[in-house]
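Colleague: If you're matching positions, the sequence shown starts at 13 in our numbering and goes up one per residue. I'd like to ask you about the structure that follows.
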Amino acid sequence: MSTATTNNTTSASPRGEGGGGGRGGGGTLLVRRPPPNLASGQITHISTPAPSSISHTLALAQWQAYISLFATATPPWQIIEVPPAPTCADSVFVEDILVSLPRGTILVTSPGAESRRPELDGIEEFLRAHLGGDVKRVVRIEGEARLDGGDLLKVGRTVYVGRSSRTNDLGRAQLRALLKELDMDLVEVPVTKALHLKSAVTALPDGTVIGYEPIVDDPSIFPSFLAVPEVSRVQSSPVQSRLLPSRQALTHSLPPPPRRRTGQEHGVAVVVLSPSHLVMSSDAPRTTQILRQRGYRVETVDISQFEALEGCVTCLSVRIRT
13 MSTATTNNTT
23 SASPRGEGGG
33 GGRGGGGTLL
43 VRRPPPNLAS
53 GQITHISTPA
63 PSSISHTLAL
73 AQWQAYISLF
83 ATATPPWQII
93 EVPPAPTCAD
103 SVFVEDILVS
113 LPRGTILVTS
123 PGAESRRPEL
133 DGIEEFLRAH
143 LGGDVKRVVR
153 IEGEARLDGG
163 DLLKVGRTVY
173 VGRSSRTNDL
183 GRAQLRALLK
193 ELDMDLVEVP
203 VTKALHLKSA
213 VTALPDGTVI
223 GYEPIVDDPS
233 IFPSFLAVPE
243 VSRVQSSPVQ
253 SRLLPSRQAL
263 THSLPPPPRR
273 RTGQEHGVAV
283 VVLSPSHLVM
293 SSDAPRTTQI
303 LRQRGYRVET
313 VDISQFEALE
323 GCVTCLSVRI
333 RT
């Protein structure tokens with residue numbers, strides 16, 4: 013694992029995101045423009061409309077709408093666009109190649125899919141040039157180690173790491189060594205029913221992990237787990253929302269939409285704008301209602317073009333929290 017230090021002076025303050033990250037809202041948002049060949053992106057665990065039906069024009073409009081939620085938030089986020097990778101179909105999913113960690117650390121991953129590794133070209137130089145003096149170092153996964161950022165879920169001082177098809181033992185070992193330096197714990201989580209860990213679970217600002225239980229291998233790993241009922245318009249049988257392991261079950265009377273099963277449940281993915289403010293897919297209305305009933309302000313955004321390629325609201329950006 014290689015390390016490079018930075019000496020620039022513009023401001024940004026990376027922190028662990030889990031449980032909402034910083035005490036307030038705002039920060040720096042890294043995004044990457046959808047490439048013209050987006051429709052050629054890899055599909056591993058889902059069954060959705062053919063990629064040939066994906067519109068680059070619509071995808072670009074949805075991407076811009078997603079960014080605007082952060083730019084207009086209170087406080088607003090600083091938006092930094094990573095240089096595009098026009099020949100890399102999956103490059104818009106920038107969270108898979110960059111991870112923000114405490115103490116000004118940015119981790120450059122080594123994607124499990126060989127076709128995604130060219131996305132890393134020039135990325136370290138860009139980070140050092142644009143993210144400023146608060147980025148103390150850039151660390152890179154090396155050798156035969158493989159690690160996708162979508163397999164990392166930060167909750168407080170714990171990083172849950174997926175044992176998925178995209179992250180191997182060497183990748184987890186290099187990450188474990190880095191987290192030890194940062195006084196953080198690593199907990200491995202089996203992932204056999206989804207592409208990444210964060211395709212199955214994400215976390216609320218209070219540290220509660222939320223997920224669609226049929227694609228979560230072992231919910232008992234998480235101290236506080238909220239099972240959400242859904243979905244997308246293309247998924248299977250409904251389940252009740254309930255808290256695990258020891259809280260009273262919650263039931264909801266919203267009628268279930270007709271669905272067939274896929275490996276991507278859009279109700280599980282939340283991005284934290286601030287401790288009380290969340291972003292979710294517009295394709296998860298029942299989960300949105302549940303979270304609003306829990307007191308959160310929830311913004312929704314249509315990202316259907318990215319969901320058709322196993323994307324979600326988390327993987328379209330890297331959040332560096334102030």
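Idealized CB from N, CA, C, for every residue including glycine.
How big is the Cα-Cα spacing for Thr170 and Pro130?
Modeller: As a working note, residue 170 is residue 158 in the sequence shown. As a working note, residue 130 is residue 118 in the sequence shown. When rounded, the distance between both Cα atoms is 30 Å.
Colleague: Between Leu119, Pro88, Ile302, which lies nearest to Leu191 when the distance is taken from Cα to Cα?
Modeller: Position 179 of the sequence shown, counted from the start, is the residue given in the question as residue 191. Comparing Cα positions, the closest option is Leu119.
Colleague: Whole angstroms is fine: what's the gap from Ala185's alpha carbon to Ser236's?
Modeller: Taking the first residue of the sequence shown as 1, we reach residue 185 at position 173. Taking the first residue of the sequence shown as 1, we reach residue 236 at position 224. Those two C-alpha atoms are separated by around 26 Å.
Colleague: Go ahead and label Leu209 buried or exposed: buried means 16 or more other beta carbons lie within 10 angstroms of its beta carbon, across all protein chains shown.
Modeller: Counting from one through the sequence shown, the residue named residue 209 turns up at place 197. Its Cβ being crowded by 16 or more others within 10 Å, Leu209 is buried.
Colleague: Under a three-way DSSP split, which group does Gln54 fall into?
Modeller: Walking along the sequence shown from the start, residue 54 turns up at place 42. It is coil, neither helix nor strand.
Colleague: So the alpha helix (DSSP H) Leu190 belongs to, where does it begin and stop?
Modeller: The residue labelled residue 190 in the question sits at position 178 within the sequence shown. Per DSSP, Leu190 belongs to the alpha helix (DSSP H) from 181-193.
Colleague: Taking buried to mean at least 16 other C-beta atoms within 10 Å of its own C-beta, is Pro123 buried or exposed?
Modeller: In the sequence shown, counting from the first residue as 1, residue 123 sits at position 111. So Pro123 counts as buried.
Colleague: Tell me which residues share the same chain as Asp230 and place their Cβ nearer than 8 Å to its Cβ, disregarding the 5 neighbours each side in the sequence.
Modeller: One-based indexing of the sequence shown puts residue 230 at position 218. Answer for Asp230: Val201, Pro202, listed in chain order.
Colleague: Check the C-beta distance from Thr220 over to Val283 and give it rounded, since I have them as a contact under 8 Å.
Modeller: Taking the first residue of the sequence shown as 1, we reach residue 220 at position 208. Taking the first residue of the sequence shown as 1, we reach residue 283 at position 271. That pair is no contact at about 15 Å.
Colleague: Assuming Pro46 contacts Ala71 under a Cβ cut-off of 8 Å, what Cβ separation, rounded to an integer in Å, is found between them?
Modeller: By 1-based counting over the sequence shown, the position of residue 46 is 34. By 1-based counting over the sequence shown, the position of residue 71 is 59. The Cβ separation is near 5 Å, so the contact holds.
Colleague: For the putative contact between Gly162 and Glu126, defined by C-beta atoms under 8 Å, what is the C-beta separation to the nearest angstrom?
Modeller: Here residue 162 refers to the residue found at position 150 of the sequence shown. Here residue 126 refers to the residue found at position 114 of the sequence shown. Incorrect: roughly 16 Å between the Cβ atoms, too far for contact.
Colleague: Terminal residues of the continuous alpha helix (DSSP H) containing His68?
Modeller: Along the sequence shown, one-based indexing puts residue 68 at 56. Taken as a continuous stretch (DSSP letters only), the alpha helix (DSSP H) holding His68 covers 68-83.
Colleague: With a CB to CB cut of under 7 Å and the five nearest residues on each side skipped, what residues in its chain are close to His142?
Modeller: As a first step, residue 142 is located in the sequence shown; it is residue number 130 there, counting from the start. Taken in chain order, the residues that qualify are Ile92.
Colleague: Use the C-beta contact count for Ser14: other C-beta atoms within 10 angstroms, 16 or more gives buried, fewer gives exposed.
Modeller: Working through the sequence shown from its first residue, we reach residue 14 at position 2. Exposed, since its Cβ has fewer than 16 Cβ neighbours within 10 Å.
Colleague: How would you call Val291, buried or exposed, if buried means at least 16 neighbouring beta carbons within 10 angstroms?
Modeller: Stepping through the sequence shown from its first residue, residue 291 is reached at position 279. Buried, by the Cβ-count rule.
Colleague: Does the ligand MN have even one heavy atom less than 7 Å from the beta-carbon of Pro202?
Modeller: Summarising the ligand content, the structure contains no ligands, and the ligand MN is consequently not present.
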